[in-house]
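Novice: So in the working numbering, spot 91 of the sequence shown is number 86, and the numbers just go up one at a time.
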Amino acid sequence: MVISVHQPYFCPYPGFFYRVLNSDVFVLLDTVQFPRGTTWTSRNRFKHDQGTLWLTVPVRKKGLGFQTIDAVRICRDRQWPRKHLASLRHAYAHAPFFREHYPFIEAQMQSGTRRLSDLNIRIIRYIADYIRVGADIRRLSEMGIRGKGAALLIDICRQTGATQLLIPRSARSHMDIAAFQTAGIRIDTYRMPMWIYPQLWGDFLPNLSILDMIFNIGPKTRDLLRS
């Protein structure tokens, strides 16, 4: 059984779902530390007529110190959903599949969800369903596992019965390979492909949110990620 793990990013990039599609179990690390500074957990890149369009979910950080991702609260600013949705409509109004998915995105951003992880994971599950992911997607917060580093990953593998951990090739040098070998877990690596697809607004920009891909090529997204 192949397992992979990842922090629950906001509207993740295609490589996130490439990993999900190649796993039997995928665990969202929602109890690890919320990164300080800028982070993909609360923002991502889209594309508009000026090039890269950044969308950031405002969260409460000041004076709170260390926070786990599942503890991070979205600010009560009522303006950010309106501004983000207007930006998406301007950027993707002419994308072939935008209207199919916009109602869901609109509903999530206007839902008043308090926890960032809940917002992110609902979007992740929606995308996973759309591209027909077969993996069992789980939240670490619901698994009763604590720890960090190799020990955490090994405990996740043991609880799920996984014997193979899928990671990016670039991450292998940061892993305690011996610890996994002792635990009987094989480390499998991959190099993320570069996916080219039709986009609006001029020259192609790689590694945007997967929603850019979905808005532009719709159901072909799964086949492209599998290619």
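For every residue, glycine included, the Cβ atom is placed at its ideal position computed from N, Cα and C. Keep in mind that this is a model prediction, so the values were computed, not measured.
How long is the line joining the alpha carbons of Val27 and Phe61, rounded to whole angstroms?
Specialist: Taking the straight line joining both Cα atoms gives about 10 Å.
Novice: Report, in whole angstroms, the separation of the C-beta atoms of Phe92 and Phe210, which I expect to be a contact under 8 Å.
Specialist: So it is a contact: roughly 6 Å between Cβ atoms.
Novice: Let's test the definition: count the other Cβ atoms within 10 Å of the Cβ of Trp35 and tell me whether it reaches 16, buried, or not, exposed.
Specialist: When all chains shown are included, Trp35 counts as buried.
Novice: Taking 7 Å as the line, does the beta carbon of Arg40 fall inside it for any heavy atom of the ligand GTP?
Specialist: The ligand GTP is absent from the structure shown, which contains no ligands of any kind.
Novice: Contact defined as beta carbons within less than 8 Å: I believe Ala86 pairs with Phe41. What is the distance between those atoms, to the nearest angstrom?
Specialist: That pair is a contact at about 6 Å.
Novice: For His1, count the other beta carbons within 10 Å of its own beta carbon; 16 or more makes it buried, fewer makes it exposed. Which is it?
Specialist: Flag for His1 reads buried.
Novice: Taking all protein chains shown into account, decide if Ile122 is buried (16 or more other Cβ within 10 angstroms of its Cβ) or exposed.
Specialist: Buried, by the Cβ-count rule.
Novice: Enumerate in chain order the residues of its own chain whose CB-to-CB distance from Phe12 is below 8 Å, with the five nearest sequence positions on each side excluded.
Specialist: Counting only Cβ-Cβ distances below 8 Å, and skipping sequence neighbours, we find Ile122, Ala123, Ile126, Val128, Ile205, Leu220.
Novice: On a Cα-Cα basis, can you pick out the residue from Gln176, Ile64, Gln105 that is closest to Leu80?
Specialist: Selected option, being the one with the closest Cα: Gln105.
Novice: Could you check what DSSP says for His169 in three-state terms: helix, strand or coil?
Specialist: It is helical.
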